[in-house]
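Visitor: Take the sequence shown: its letter number 42 is residue 67 in the numbering used here, and every next letter is one higher.
Before I ask anything, here is the structure I am working with.
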Amino acid sequence: MARFTLPRDLYHGKGSLEALKTFEGKRAIICVGGGSMKRFGFLDRAIGYLKEAGMEVEVFEGIEPDPSVETVMRGAAVMEKFQPDWIVAMGGGSPIDAAKAMWIKYEYPDCTFEDMCKVFGLPKLRTKAHFCAISSTSGTATEVTAFSIITNYQDRIKYPIADFEITPDVAIVDPDLAETMPQKLVAHTGMDAITHAIEAYVSTANCNYTDPLAIHAIEMIMNDLVPSYNGDMACRDRMHDAQCLAGMAFSNALLGIVHSMAHKTGAAFEDYGAHIIHGAANAMYLPKVIAFNAKNETAKKRYGVIVDYMGIADKSASDDDKVAALIAYLRKMNDDLNIPHCIKNYGADSYPTENGFVPEEVFLERLPEIAANAILDACTGSNPRIPSQEEMEKLLKCCYYDTEVDF
Ligand SMILES: [Fe+2]
């Protein structure tokens with residue numbers, strides 16, 4: 026038996042933010058990030074719509090990128106005081122992910138962060154509040170997924186919380202919000218989205234319900250991401266839908282080791298002055314992981330199907346040639362989006378550079394621990410090939426030096 030879970034309602038298209046007017050409840054708390062939603066007027070509009078719906082509204086502001094356990098606990102305390110029956114999370118992946126974790130703590134005050142991280146082990150939510158997610162970036166798709174990523178800065182590790190209980194009740198996918206994204210964010214979130222779709226399609230948990238979502242997302246992202254990056258707003262609008270489709274796929278088909286590696290390298294070099302941004306990490310690691318996974322016959326065939334849909338190689342070509350075409354295509358996308366190919370060339374500003382911010386000796390010293398953590402990541406279990414410690418270390422080295430994966 027398998028389960029396929031999505032939000033009960035999904036409002037999409039320009040102006041769909043207005044759906045908030047139709048909500049029923051007494052008190053709504055809006056959780057937002059650093060200020061762009063306020064600056065562009067979307068926060069005020071959301072407050073206005075919820076008030077029009079007859080609700081008392083409170084705002085929890087200032088959720089940082091890569092939200093911390095401390096922020097989650099702070100937000101939950103505010104909820105405990107205000108007693109909302111609607112949690113409305115608005116912005117990029119970070120405020121929505123943080124609000125999901127706050128929701129758990131609000132419903133179960135005794136639940137610790139360690140309890141939350143037990144994969145598919147959450148108690149029943151919705152005894153106090155329902156959850157609406159409104160995404161302003163086109164990548165994480167957290168508005169439709171069963172996941173939340175919270176960073177524990179004590180051990181410099183990102184922890185995924187995974188349970189269908191935190192799949193939002195309502196998602197609002199309004200492209201007006203995504204039009205405000207800065208160019209760099211378009212690149213990173215877009216590559217995150219294509220990684221979601223590709224990992225979901227080759228995941229061992231793929232199924233007939235997730236495959237069409239993943240494939241259609243890949244075709245759309247292929248056509249729309251680079252023009253969106255270059256300022257085409259019609260493509261930007263379509264990317265908002267495409268990333269959401271990819272999210273519906275991966276929330277149910279799960280992901281693979283591109284994400285395991287991105288989660289465990291993201292904050293690992295924080296003390297050297299920069300994060301490896303999630304989408305950029307995925308963009309760099311995806312071609313390497315495809316080469317690694319393609320040693321598994323089933324995965325190789327599935328990559329071949331993706332390539333057939335993308336139309337980037339002759340249909341009669343061998344699966345090996347199709348895999349090579351896919352890797353070359355994704356690397357070209359990285360070039361078009363100004364994303365480096367490897368950690369060695371990843372600058373503190375995320376752009377390609379001769380000498381990246383992660384020194385070689387620091388990377389090598391931390392490699393065994395990062396590899397061990399990546400294997401233990403919740404995303405590893407559904408990868409088509411489970412790497413050994415030695416293979417994971419070799420794979421991460423390929424991601425550091427941009428060397429060929431031949432094992
Ligand atoms: Fe992701």
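Every residue gets a Cβ at the ideal spot worked out from N, C-alpha and C, and that includes glycine.
Since LEU421 and ILE395 should fall inside the 8 Å C-beta cutoff, what is the C-beta to C-beta distance between them, to a whole number of angstroms?
Guide: As a first step, residue 421 is located in the sequence shown; it is residue number 396 there, counting from the start. As a first step, residue 395 is located in the sequence shown; it is residue number 370 there, counting from the start. Right, the Cβ-Cβ distance comes to about 6 Å (below 8 Å), so this counts as a contact.
Visitor: Could you say which of THR428, GLU81, GLY118 lies nearest to ARG108 if we only look at CA atoms?
Guide: Walking along the sequence shown from the start, residue 108 turns up at place 83. Correcting the residue identity first, residue 108 is Gln in this sequence and not Arg. Among THR428, GLU81, GLY118, the Cα nearest to that of GLN108 is on GLU81.
Visitor: Answer yes or no: do PHE145 and ASP188 have a C-beta to C-beta separation smaller than 8 Å?
Guide: Taking the first residue of the sequence shown as position 1, residue 145 is located at position 120. Taking the first residue of the sequence shown as position 1, residue 188 is located at position 163. Yes; because the gap between Cβ atoms is below 8 Å, this pair is in contact.
Visitor: ASN380: beta carbon under 7 Å from a heavy atom of ligand 1?
Guide: Translated into positions along the sequence shown, residue 380 becomes position 355. Checking every heavy atom of ligand 1 against the Cβ of ASN380, none is found closer than 7 Å.
Visitor: Rounded to the nearest angstrom, what separates ASP249 and ALA212 at their Cα positions?
Guide: Numbered from its first residue, the sequence shown carries residue 249 at position 224. Numbered from its first residue, the sequence shown carries residue 212 at position 187. Whole-angstrom Cα-Cα distance: 11 Å.
Visitor: Measuring straight from C-alpha to C-alpha, what distance separates ILE72 and ARG391?
Guide: Counting from one through the sequence shown, the residue named residue 72 turns up at place 47. Counting from one through the sequence shown, the residue named residue 391 turns up at place 366. Spanning the two alpha carbons is a distance of roughly 46 Å.
Visitor: Express the C-alpha separation of THR323 and PHE317 in angstroms, rounding to a whole number.
Guide: Here residue 317 refers to the residue found at position 292 when the sequence shown is read from its first residue. Here residue 323 refers to the residue found at position 298 when the sequence shown is read from its first residue. Approximately 13 Å between the Cα atoms of the pair.
Visitor: Hey, how far is the Cα of LYS419 from the Cα of PHE85?
Guide: Residue mapping note: residue 419 aligns to position 394 of the sequence shown, counting from 1. Residue mapping note: residue 85 aligns to position 60 of the sequence shown, counting from 1. Approximately 43 Å between the Cα atoms of the pair.
Visitor: Between HIS221 and ligand 1, is the CB less than 7 Å from at least one heavy atom?
Guide: Taking the first residue of the sequence shown as position 1, residue 221 is located at position 196. Yes, since a heavy atom of ligand 1 falls inside the 7 Å radius drawn around the Cβ of HIS221.
Visitor: On the three-pair Cβ rule with 8 Å, is the segment 275-283 touching the segment 296-304?
Guide: In short, these stretches do not touch, since the Cβ pair count stays below three.
Visitor: For the alpha helix (DSSP H) containing ASP361, list its first residue and its last residue.
Guide: Here residue 361 refers to the residue found at position 336 of the sequence shown. Start and end: 344-361.
Visitor: Note the first and the last residue of the continuous alpha helix (DSSP H) segment covering MET245.
Guide: As a working note, residue 245 is residue 220 in the sequence shown. That run of the alpha helix (DSSP H) goes 236-254.
Visitor: If you draw a straight line from the C-alpha of ASN307 to the C-alpha of PRO237, how long is it?
Guide: For the purposes of this step, residue 307 is taken as the residue at position 282 of the sequence shown. For the purposes of this step, residue 237 is taken as the residue at position 212 of the sequence shown. Answer to the nearest angstrom: the Cα atoms are 22 Å apart.
Visitor: Could you tell me whether any Cβ in chain C is nearer than 8 Å to the Cβ of ILE54?
Guide: You won't find chain C in this structure, because it holds only one protein chain.
Visitor: Below 8 Å on the Cβ atoms is my guess for ASP262 versus PRO200; work out the distance and round it to an integer in Å.
Guide: Residue mapping note: residue 262 aligns to position 237 of the sequence shown, counting from 1. Residue mapping note: residue 200 aligns to position 175 of the sequence shown, counting from 1. Indeed, because the Cβ distance is near 4 Å, the residues count as touching under 8 Å.
Visitor: Applying the 10 Å Cβ sphere with the 16-neighbour rule, what's the burial state of ASP34?
Guide: One-based indexing of the sequence shown puts residue 34 at position 9. ASP34 comes out exposed.
Visitor: Give the secondary structure of GLY87 by DSSP, where H, G and I count as helix, E and B as strand, and everything else as coil.
Guide: Locating residue 87 in the sequence shown gives position 62, counting from the first residue. DSSP places GLY87 in coil when its eight states are reduced to three.
Visitor: Taking a contact to mean a Cβ-Cβ separation below 8 Å, would you say PHE48 touches ILE112 in this structure?
Guide: In the sequence shown, residue 48 corresponds to position 23, counting from 1. In the sequence shown, residue 112 corresponds to position 87, counting from 1. Against a cut-off of 8 Å, the Cβ pair of ILE112 and PHE48 comes out as no contact.
Visitor: May I ask you to check if the CB of THR47 is nearer than 7 Å to at least one heavy atom of ligand 1?
Guide: Stepping through the sequence shown from its first residue, residue 47 is reached at position 22. False, no ligand heavy atom lies under 7 Å from that Cβ.
Visitor: With 16 other CB atoms within 10 Å as the buried threshold, where does PRO393 fall?
Guide: Counted from its first residue, the sequence shown places residue 393 at position 368. Counting Cβ neighbours within 10 Å, PRO393 comes out exposed, since fewer than 16 surround it.
Visitor: At a cut of 8 Å, does the segment 262-272 reach the segment 369-379 through at least three beta carbon pairs?
Guide: Result no; under three Cβ-Cβ pairs closer than 8 Å.
Visitor: Ordered along the chain, which non-local residues of its own chain (more than five positions away) have a Cβ less than 8 Å from that of LEU68?
Guide: For the purposes of this step, residue 68 is taken as the residue at position 43 of the sequence shown. Counting only Cβ-Cβ distances below 8 Å, and skipping sequence neighbours, we find ILE55, VAL57, MET62, VAL84, MET115.
Visitor: Determine, using beta-carbon pairs with one atom in the segment 113-133 and one in the segment 152-170, whether at least three such pairs fall under 8 Å.
Guide: The segment 113-133 is in contact with the segment 152-170.
Visitor: What are the start and end residues of the alpha helix (DSSP H) that includes VAL330?
Guide: Translated into positions along the sequence shown, residue 330 becomes position 305. VAL330 -> alpha helix (DSSP H) spans 322-335.
Visitor: Taking 7 Å as the line, does the beta carbon of ASN277 fall inside it for any heavy atom of ligand 1?
Guide: Locating residue 277 in the sequence shown gives position 252, counting from the first residue. Not under cutoff, so the answer is no.
Visitor: Taking DSSP as the reference, what is the three-state secondary structure of SER407?
Guide: As a first step, residue 407 must be located in the sequence shown, where it is residue number 382. Of the three classes helix, strand and coil, the one that applies to SER407 here is helix, per DSSP.
Visitor: Give the C-beta separation of MET335 and CYS424 to the nearest angstrom, bearing in mind that I take them to be a contact with Cβ-Cβ under 8 Å.
Guide: As a position in the sequence shown, residue 335 is number 310, starting the count at 1. As a position in the sequence shown, residue 424 is number 399, starting the count at 1. Going by Cβ atoms, the distance from MET335 to CYS424 rounds to 23 Å, so no, they are not a contact pair.
Visitor: Quick check for students: name the residue ranges of the alpha helix (DSSP H) that lie wholly in the segment 130-188, counting only runs of 4 or more.
Guide: The segment 130-188 contains these whole alpha helix (DSSP H) runs: 138-141.
Visitor: Short check: CB of GLU77 to CB of LYS46, under 8 Å?
Guide: Taking the sequence shown and counting its residues from 1, one reaches residue 77 at position 52. Taking the sequence shown and counting its residues from 1, one reaches residue 46 at position 21. The answer is yes: Cβ separation under 8 Å.
Visitor: Taking ILE364 as part of the alpha helix (DSSP H), name the residues at either end of that continuous run.
Guide: Position 339 of the sequence shown holds residue 364. No alpha helix (DSSP H) holds ILE364; DSSP gives it neither H nor E.
Visitor: Mark THR152 as exposed unless 16 or more other C-beta atoms lie within 10 angstroms of its C-beta, in which case mark it buried.
Guide: On the sequence shown, position 127 is the one that residue 152 refers to. The residue is exposed, with fewer than 16 neighbouring Cβ atoms inside 10 Å.
Visitor: For PHE172, is the classification buried or exposed, using 16 other Cβ atoms within 10 angstroms of its Cβ as the cut-off for buried?
Guide: In the sequence shown, counting from the first residue as 1, residue 172 sits at position 147. Its Cβ being crowded by 16 or more others within 10 Å, PHE172 is buried.
Visitor: Where does MET216 sit, in a helix, a strand or coil, going by DSSP?
Guide: Counting from one through the sequence shown, the residue named residue 216 turns up at place 191. The answer is helix: DSSP assigns MET216 an H, G or I state.
Visitor: By Cβ distance, which residues of its chain are closer than 7 Å to GLU43, with the 5 residues on each side in sequence left out?
Guide: Here residue 43 refers to the residue found at position 18 of the sequence shown. Same-chain partners within the cutoff: TYR74.
Visitor: Can PRO193 and PRO409 be called in contact, C-beta distance under 8 Å?
Guide: The sequence position of residue 193 within the sequence shown is 168, counting from 1. The sequence position of residue 409 within the sequence shown is 384, counting from 1. Not a contact, by the Cβ cut-off of 8 Å.
Visitor: Going by Cα to Cα distance, which pick from GLY79, LYS106, LYS130 is closest to VAL97?
Guide: Residue numbering aside, residue 97 sits at position 72 when the sequence shown is read from its first letter. Nearest of GLY79, LYS106, LYS130 to VAL97, Cα basis: LYS130.
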